[in-house]
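First comes the structure, then the notes that go with it.
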Amino acid sequence: MVWWTRLVGSAYRAHRSALTLGVATAIGVAAAGPVSAEGLSDALVKAYQSNPQLTAERARQRATDENVPQALAGYRPQLLATLGAGLQQVRNLLPTNTYQGDTLRPWTIGVTVTQTLFNGFRTANSVRVAELQVKSGREALRNVGQGVLLDAVTAYTNVLANQALVTAQKANVDFLSQTLDITKKRLNAGDVTPTDTAQAEARLNRGRADLNAAEVNLAISQATYAAVIGSPPGTLSNATPVDRLLPKSREDAIAQAAKGNPAVLAAGYDVDVATTTIKVAEGALLPTVTLQGSASRASQTDSTLGTYGTDQASVIGQINAPIYDGGTAASQTRQSKELAAQSRSVLDLVRNQTRTAAIGAWVSNEGAKIAVSAAESEVRAAEIALQGVSREAQGGQRTTVDVLNSQQDLIQAKARLIGAQRDRVVASYTLLSAIGRLDVQNLGLNTPDYLPDVHYQQVRDAWHGLRTPSGQ
């Protein structure tokens, strides 16, 4: 009985120590050593700087910025240069019934300047549409940025949690393996039956299968981490909830989401875009006033003509008033009005979805707090129960299966605690995203914030140039 007490006690202490480490590493330090651990903020910085989805969205926004100088081009003059030259074979029939032929080399060079003075306010409204599209695009970019940061938080905590689960399952296998050895020795001593040995062996095989499943999930989470963050995970350190940045009540969360969620703001700008587009379509029904100046020189080189060349210069004002275009402009106007009605409905939908998301995130965050507290209490109780069952088994008052069942309860309680702690962190960041505050500035990340207004100002008033501000 002494060897039973020593082996069970040793196995239990190793099991408890490993599982305690597992819970600590779920949202705490995964390993100790001289290697510097990577914190959650470091991972978020990497994702913010190099995530392909976010990089692509920034390029899309820079392309949207170009709509503004394209619209502003309607205010600027249009210059057109022409140059024509060629060979012309001429054969003339003279009154004397004879023919005269020659090969001519005519050429023409000219320049035309056209300035639109009035086009039914289409240029002004097109500029307004382009500027609103830029603002909507910025909110869409901010929304994608929030999604990438939230994905990074999820990937980070998944790796931590799965590392902890692997550690816990390894400790579980060690415990079950030692329990099987003890049971075999007791069988040889005549203290137990072969049934006890079979039960211990079955639990050991189940534990090995659970360990394998945990290792598979860890490998998957590590691959996901590399895809989101941009590099494989190393030694990860503590990840804590961001309670200091969260609203104090559910009503406050709803109000902040309605004012700051980028999806709502983008949908609001889309309504303004659609409304202004109606005015652009209506402008096609108004007159267009243009002023055109031109200068040209032409050479004929025909000896039979009275002149060898012609110089021309002109300034022409023109008014074009549409009378009937087959109904195109009217149809486009009606179409724009329907699209504006659609955008208003989409705005209402997005507001409802944002409200629902804010409530769901608030409730999930509050529920995660309760889940962690309950899981911690469950683990403490399961540890006490396993200690008691192990002592009673040493005294012959409990069977092997009682020890195995108590140990299984503990490992399941530890797994639930690990999951609850992981959910607690993710839920807090999800709520921060729902209210539109999951960004570099609010999190205080050590990286420069991407400012889309810089590129916008660089290209807004550009009159020429094929290279982008980055030199491409």
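In this text, residue positions in the sequence shown follow numbering that gives the first Met the number 0: the first is 0, and each later residue adds one. By construction, the Cβ of each residue, glycine as well, lies at the ideal position given by its N, Cα and C atoms. Since this is a predicted model, take the numbers as computed values, not measurements.
Over what stretch of residues does the beta strand (DSSP E) that includes residue i continue unbroken?
{"i": "valine 89", "result": "87 to 92"}
{"i": "valine 279", "result": "Valine 279 -> not in any beta strand (DSSP E); alpha helix (DSSP H) instead, spanning 261 to 282."}
{"i": "aspartate 310", "result": "308 to 319"}
{"i": "valine 458", "result": "Run containing valine 458: none in the beta strand (DSSP E); it sits in the alpha helix (DSSP H), 451 to 459."}
{"i": "leucine 39", "result": "Note, leucine 39: premise wrong, no beta strand (DSSP E); alpha helix (DSSP H) at 39 to 49."}
{"i": "glutamine 291", "result": "287 to 298"}
{"i": "threonine 113", "result": "106 to 117"}
{"i": "alanine 36", "result": "Run containing alanine 36: none; DSSP gives neither H nor E here."}
{"i": "alanine 238", "result": "Looking at the DSSP string, alanine 238 is not in any beta strand (DSSP E), and its letter there is neither H nor E."}
Helix, strand or coil, according to DSSP, for residue i in the structure here?
{"i": "leucine 64", "result": "According to the sequence provided, residue 64 is aspartate. The question's leucine does not apply to it. Helix at aspartate 64."}
{"i": "leucine 444", "result": "coil"}
{"i": "glutamine 396", "result": "coil"}
{"i": "glutamine 471", "result": "coil"}
{"i": "valine 215", "result": "helix"}
{"i": "glycine 464", "result": "coil"}
{"i": "glycine 233", "result": "coil"}
{"i": "leucine 437", "result": "coil"}
{"i": "glycine 325", "result": "coil"}
{"i": "leucine 409", "result": "helix"}
{"i": "leucine 53", "result": "helix"}
{"i": "leucine 79", "result": "strand"}
{"i": "alanine 23", "result": "Confidence at alanine 23 is low in this model, with a pLDDT of 43, below 50, so the placement of that residue is unreliable and no value is reported for it."}
{"i": "arginine 5", "result": "The predicted model places arginine 5 with a pLDDT of 46, which falls under 50 and marks its position as unreliable, so this point remains unresolved."}
{"i": "valine 28", "result": "Residue confidence is low: valine 28 scores 39 on pLDDT, short of 50, so the model does not pin down where it sits. Its coordinate-derived value is still stated next. In the structure shown, valine 28 sits in coil (DSSP, three-state: anything other than H, G, I, E or B)."}
How would you write the range of the alpha helix (DSSP H) that residue i sits in, first residue to last?
{"i": "tyrosine 98", "result": "Run containing tyrosine 98: none in the alpha helix (DSSP H); it sits in the beta strand (DSSP E), 98 to 103."}
{"i": "glycine 95", "result": "One detail in the question is off: residue 95 reads as threonine in this sequence, not glycine. Careful: threonine 95 lies outside any alpha helix (DSSP H) and carries neither H nor E."}
{"i": "leucine 473", "result": "Since the displayed the chain opens at 0 and closes at 471, residue 473 lies outside it and no answer follows."}
Would residue i and residue j be called neighbours here (beta carbons separated by less than 8 Å)?
{"i": "isoleucine 434", "j": "glycine 267", "result": "no"}
{"i": "alanine 213", "j": "asparagine 161", "result": "yes"}
{"i": "leucine 477", "j": "aspartate 271", "result": "Any property of residue 477 remains undetermined from this structure, which presents the chain solely from 0 to 471."}
{"i": "proline 261", "j": "glutamine 145", "result": "yes"}
{"i": "threonine 289", "j": "threonine 113", "result": "yes"}
{"i": "glutamine 420", "j": "valine 371", "result": "yes"}
{"i": "leucine 159", "j": "alanine 238", "result": "yes"}
To the nearest angstrom, how far is the alpha carbon of residue i from that of residue j?
{"i": "alanine 257", "j": "arginine 350", "result": "7 Å"}
{"i": "threonine 355", "j": "alanine 199", "result": "49 Å"}
{"i": "aspartate 180", "j": "proline 240", "result": "43 Å"}
{"i": "serine 236", "j": "valine 263", "result": "35 Å"}
{"i": "alanine 265", "j": "leucine 465", "result": "30 Å"}
{"i": "arginine 59", "j": "valine 215", "result": "37 Å"}
{"i": "glutamine 52", "j": "serine 230", "result": "15 Å"}
{"i": "threonine 353", "j": "valine 314", "result": "58 Å"}
Quick one: is the Cβ of residue i within less than 7 Å of any heavy atom of the ligand MG?
{"i": "alanine 80", "result": "The model on display carries no ligand, and the ligand MG is accordingly not part of it."}
Touching by the beta-carbon criterion (3+ pairs, under 8 Å), the stretch 158 to 174 and the stretch 404 to 413: yes
Using 8 Å as the threshold, is the stretch 148 to 159 in touch with the stretch 42 to 57, meaning 3 or more CB pairs across them? yes
Should the stretch 276 to 292 be called in touch with the stretch 120 to 128, which here means at least 3 C-beta pairs below 8 Å? yes
At a cut of 8 Å, does the stretch 70 to 80 reach the stretch 237 to 252 through at least three beta carbon pairs? no
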